[in-house]
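S.K.: Protein chains in written order, with this note's numbering: chain P, 521 to 916; chain W, 521 to 916.
The beta carbon of each residue, even a glycine, is placed where N, CA and C say it ideally should be.
The model shown is predicted, which means the values in this text are computed figures rather than measured ones.
Pasting in a structure now, in structure tokens, and then I'll have a few things to ask.
Number of protein chains: 2
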Amino acid sequence: MYTLIKKEGKARRGQFETVHGTFQTPCFMNVGTAAAIKGGISSLDLVNLKCQVELCNTYHLHLRPTDKVIKEMGGLHKFMNWDKPILTDSGGFQVFSLAKLRKIKEEGVYFNSHVDGRRIFMGPEESMQIQSNLGSTIAMAFDECVDNHMAQITPDMDEQTKNRIIRKAYEYSKNSCERTTRWLYRCREEMARLNALPDTINKHQLLFGINQGSVFEDLRLRHMEEIAKLDMDGYAVGGLAVGEPTEEMYRILDAVVPVMPEKKIRYLMGVGTPSNIIEAVARGIDLFDCVMPSRNARHATIFTWNGIMHATNKCYETDSRPLDPECDCPTCRNFSRAYIRHLFKADEQLAGRLAVAHNLYFYNTLMEKIRDAIDNDEFDSFRAKYSGLLASKLED
Amino acid sequence: MYTLIKKEGKARRGQFETVHGTFQTPCFMNVGTAAAIKGGISSLDLVNLKCQVELCNTYHLHLRPTDKVIKEMGGLHKFMNWDKPILTDSGGFQVFSLAKLRKIKEEGVYFNSHVDGRRIFMGPEESMQIQSNLGSTIAMAFDECVDNHMAQITPDMDEQTKNRIIRKAYEYSKNSCERTTRWLYRCREEMARLNALPDTINKHQLLFGINQGSVFEDLRLRHMEEIAKLDMDGYAVGGLAVGEPTEEMYRILDAVVPVMPEKKIRYLMGVGTPSNIIEAVARGIDLFDCVMPSRNARHATIFTWNGIMHATNKCYETDSRPLDPECDCPTCRNFSRAYIRHLFKADEQLAGRLAVAHNLYFYNTLMEKIRDAIDNDEFDSFRAKYSGLLASKLED
């Protein structure tokens with residue numbers, strides 16, 4: 521259950537209680553796609569990286585090791601040895617981004633596994649069943665994440681073609697939104713049924729609804745109004761950060777967040793850079809997830825409190841400073857830029873692990889600082905100081 | 521300095537004092553080739569894995585990041601953040617196994633880097649200089665690790681051809697041994713010079729001599745007698761475990777170990793399986809190193825107290841037991857076979873890390889148990905119980 525503690529402007533300071541403990545918001549969830557953080561970070565490490573919530577992917581776990589295996593093992597918490605909250609996505613996003621030969625029908629989606637090609641069906645009931653088997657703290661509703669059809673528009677296109685694309689995208693998004701609403705009803709009903717079964721792992725599994733509507737404000741607002749009626753445990757904004765310009769994302773947030781229920785947690789899915797997060801908090805978002813800190817780390821791209829650095833740069837060859845002198849993460853407390861640069865150059869797995877640990881700690885500390893700032897009515901100046909700085913390139 | 525504490529048969533219980541602390545023997549050194557253990561294990565982890573000594577490779581570090589960089593960073597200890605003993609090999613083995621187009625002369629070896637192909641020269645003085653720059657606790661003498669020419673012999677070969685190969689191998693090994701002895705004198709002299717320089721990182725760097733002589737007992741004995749005269753800080757048996765049958769290795773150990781100085785530590789290079797280690801301890805060896813525990817772990821081959829298991833076997837799909845129920849390593853205390861099998865199947869780096877941690881802990885615990893056994897005059901029964909068992913396939 522979400523409790524709003526205080527506000528500064530639209531930025532919200534809150535907490536969210538679950539059967540697996542309470543987490544403080546704004547919060548960034550650390551992504552462990554296949555029940556593990558990429559780069560060799562274990563659930564034991566996460567505790568030292570200030571992680572509050574781990575996110576796992578329903579689609580990946582359904583395919584491997586399968587949700588049946590995980591249920592037999594007592595659920596994701598036992599399987600990964602992580603006793604704090606876990607959020608699972610619905611599988612929808614991966615079905616629409618990874619799977620092949622997908623066919624969307626009213627009952628759900630038929631698609632081919634990207635692992636072994638076998639034909640799979642997933643609809644709202646299947647997604648709820650899988651997430652119930654995983655036993656996560658928070659399940660996400662099964663939705664359609666619509667492609668950004670507007671990306672087809674090019675500057676040199678004539679008005680008529682442009683308008684045809686926009687009309688088509690709008691029409692598609694409208695129908696998809698309506699179906700996603702119908703799917704949400706089915707998700708809610710199925711989740712209630714599953715939570716009441718005697719052998720369900722987490723009988724208090726929560727369910728968040730997801731707002732869609734692409735870049736069309738009126739669709740977004742209408743859809744948000746529709747799903748707000750269902751009194752879900754939380755609401756997410758989906759279908760953003762899928763290739764549209766950042767300003768478009770902020771425009772949609774400006775429009776849709778104000779109509780999201782004030783008493784419910786608000787989750788912006790798949791976002792983003794430190795700057796994106798600060799800007800979304802400023803617009804009233806509470807919860808985030810993104811593969812960026814771990815993925816960038818594995819490519820030696822490091823977030824610091826003075827901007828972004830590339831750990832393999834020649835200038836760090838004999839640099840005895842930590843990645844970020846302002847950071848007190850396990851990596852920065854123990855290892856130098858010179859050592860980490862060497863590990864990347866020598867293709868040692870330890871490089872990725874140390875860098876991922878740092879970047880996750882950076883993101884989790886960013887959220888901590890954001891919370892402290894809101895607590896102290898200093899978020900506005902925090903935003904002014906860091907929103908641009910954290911996106912800049914570090915001056916060596 | 522080595523102190524022999526007690527003996528049971530030929531098995532020796534001792535300790536070795538260095539400027540970086542004392543380690544107990546018999547001891548297995550954990551191999552961090554390029555200043556890092558493969559699989560993402562950090563120097564901080566090693567402390568929890570009962571590692572007493574880390575071994576790093578001179579050849580690899582000379583090429584990358586270069587010993588000059590490491591010297592500028594204050595030596596290997598600071599670079600890796602490891603304050604316990606470090607042994608560096610001489611580079612000789614890699615020059616003879618990895619490098620291309622090598623040419624051996626009296627002054628040393630000319631070869632091409634396996635990284636970028638550039639022409640490099642390494643002789644006794646160069647090896648000492650590099651190891652002095654690395655600042656390791658123990659440096660190894662620069663020797664020639666002779667190929668096992670006897671491997672050319674096939675069962676269907678006529679006696680004359682066989683004898684020609686044996687004569688040639690003998691002749692080559694004899695000349696090589698004599699050169700290795702001359703190189704040892706040069707190593708010792710150069711090390712003394714380097715240790716006396718004002719900007720040397722470890723002015724107490726120790727130097728071990730290496731016995732060679734291939735599979736020829738008389739060459740081994742003569743060479744051992746020659747190098748024993750130099751009163752080195754320790755003595756290694758090199759050039760074994762390079763493809764010869766295990767029984768050949770034991771035969772050489774049976775011959776050469778009795779003539780090694782009783783008051784000096786005895787190091788069997790590049791060995792081996794748990795069984796090999798137990799058998800070599802029984803023959804009077806004190807110190808070991810091998811990539812086997814980490815390399816095997818990365819291929820899901822796990823050492824347990826009941827034999828060897830393959831963590832990816834289907835039978836472990838829902839096995840909630842730790843890799844080894846008798847083990848209390850961080851991996852076994854926290855994660856199940858089912859989880860680790862999944863991580864391997866999903867190609868998650870965490871799989872390798874957890875498995876490497878277990879295997880290193882297993883090896884380090886094996887040495888601890890061997891030491892306890894000798895302390896309690898129970899090594900003979902320990903050997904009888906485990907020498908075969910640890911080489912067996914685990915019954916699932």
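#1: Below 9 Å between beta carbons: does that hold for Phe641 (chain P) and Glu627 (chain P)?
#2: Closer than 9 Å, Cβ to any Cβ of chain W: which residues of the stretch 558-579 of chain P, in chain order?
#3: Would you mind telling me which residues of chain P sit closer than 8 Å to Tyr859 (chain W), beta carbon to beta carbon, in chain order?
#4: Between Ala761 (chain P) and Gly790 (chain P), how many whole angstroms is the CB-CB distance? I'm expecting something under 8 Å.
#5: For the alpha helix (DSSP H) containing Asp774 (chain W), name the first residue and the last one.
#6: Return the residues of the stretch 844-870 of chain P that lie within a Cβ-Cβ distance of less than 8 Å from chain W, sorted by chain order.
#7: In chain order, what residues of the same chain lie with their CB nearer than 6 Å to the CB of Ser856 (chain P), ignoring the 5 residues before and after it?
#8: At which residue ranges does the stretch 856-913 of chain W contain complete beta strand (DSSP E) runs of 3 or more residues, listed in the order of the chain?
#9: What's the gap between the Cα of Phe882 (chain W) and the Cα of Ala893 (chain W)?
#10: With 9 Å set as the bound, which would you pick, yes or no: does the beta-carbon of Gln589 (chain W) sit closer than that to a beta-carbon of chain P?
#11: Taking the continuous alpha helix (DSSP H) assigned at Tyr690 (chain W), which residues delimit it?
#12: Residues in the stretch 818-841 of chain P with C-beta within 8 Å of chain W's C-beta atoms, listed in sequence order?
#13: How about Arg584 (chain W): is its C-beta nearer than 9 Å to some C-beta of chain P?
#14: Give the secondary structure of Asp565 (chain P) by DSSP, where H, G and I count as helix, E and B as strand, and everything else as coil.
#15: Would you say Arg873 (chain P) lies against chain W (beta-carbon separation less than 9 Å)?
#16: Under the assumption that Leu575 (chain W) contacts Val539 (chain W) (Cβ atoms under 8 Å), give the Cβ distance between them as a whole number of angstroms.
#17: Excluding five sequence neighbours on each side, which residues of the same chain lie with their C-beta closer than 6 Å to the C-beta of Glu888 (chain P)?
#18: Can you name, in chain order, every residue of its own chain whose Cβ lies under 8 Å from the Cβ of Glu915 (chain W), other than the five neighbours on each side?
#19: State yes or no: is the C-beta of Glu592 (chain P) within less than 9 Å of the C-beta of Phe899 (chain P)?
#20: Whole-angstrom Cβ separation of Ala547 (chain P) and Asp895 (chain P), contact assumed at under 8 Å?
#21: Please confirm if Leu760 (chain W) has its CB atom under 9 Å from at least one CB of chain A.
#22: Excluding the 5 residues preceding and the 5 following Ser814 (chain W) in the sequence, name in chain order all residues of the same chain whose CB lies nearer than 7 Å to its CB.
#23: In three-state DSSP terms, what is Leu741 (chain W)?
#24: Near Ala858 (chain P), which residues of its chain fall below 7 Å by C-beta distance, leaving aside the five closest residues on each side in sequence?
#25: Looking only at C-alpha atoms, which of P:Leu618, P:Arg786, P:Thr578 sits nearest to Gln649 (chain P)?
#26: Exposed or buried, which one is Asn695 (chain P) when buried takes at least 16 other CB atoms within 10 Å?
#27: Please state whether the Cβ-Cβ distance between Pro778 (chain P) and Lys530 (chain P) is less than 9 Å.
#28: Give me, in chain order, the residues of the same chain whose beta-carbon lies closer than 7 Å to that of Phe613 (chain P); leave out the 5 immediate sequence neighbours on both sides.
#29: Excluding the 5 residues preceding and the 5 following Asp603 (chain W) in the sequence, name in chain order all residues of the same chain whose CB lies nearer than 8 Å to its CB.
#30: Under three-state DSSP, which class holds Phe536 (chain P)?
#31: By the three-class DSSP mapping on this structure, what secondary structure does Asn601 (chain P) have?
#32: So, helix, strand or coil for Phe616 (chain W), using DSSP?
#33: Kindly give me the distance between the Cβ atoms of Leu727 (chain W) and Asp753 (chain W), rounded to whole angstroms, as I take these residues to be in contact under 8 Å.
#34: Could you give the C-beta distance for Asp533 (chain W) and Arg891 (chain W), rounded to a whole number, given that I count them as a contact under 8 Å?
#35: Have a look at the DSSP bridge pairing and note the partners of Cys576 (chain P).
#36: For Trp643 (chain W), does the count of other Cβ atoms within 10 angstroms reach 16, so buried, or fall short, so exposed?
M.R.: Checking against the coordinates, here is how it stands:
#1: yes
#2: Lys558, Gly559, Gly560, Ile561, Ser562, Ser563, Leu564
#3: Ala555, Met593, Phe599, Met600, Asn601
#4: 5 Å
#5: 766-776
#6: Pro850, Asn854, Phe855, Ser856, Ala858, Tyr859, Arg861, His862, Leu863, Lys865, Ala866, Glu868, Gln869, Leu870
#7: Ser840
#8: none
#9: 16 Å
#10: Reading the sequence as shown, one finds Val at residue 589 (chain W) and not Gln. By this cut-off, Val589 (chain W) is an interface position.
#11: 679-715
#12: Glu837, Thr838, Ser840
#13: yes
#14: helix
#15: yes
#16: Contact flag wrong, Cβ pair sits at about 17 Å.
#17: none
#18: Asn826, Gly827
#19: no
#20: Per the sequence presented here, residue 547 (chain P) reads as Cys, with Ala not at that position. Rounded, the Cβ-Cβ distance is 14 Å, inconsistent with contact.
#21: Looking for chain A here will not work: the only protein chains present are P and W.
#22: Val551, Ile557, Lys558, Gly559, Val876, Asn879, Leu880
#23: helix
#24: Tyr836, Glu837, Thr838, Asp839, Ser840
#25: P:Thr578
#26: exposed
#27: yes
#28: Cys665
#29: His540, Gly541, His597
#30: strand
#31: coil
#32: helix
#33: 6 Å
#34: What sits at residue 533 (chain W) in the sequence shown is Arg, not Asp. Confirmed, Cβ separation roughly 6 Å.
#35: P:Thr608
#36: The displayed chain sequence assigns Gly, not Trp, to residue 643 (chain W). By the 10 Å Cβ count, Gly643 (chain W) comes out buried.
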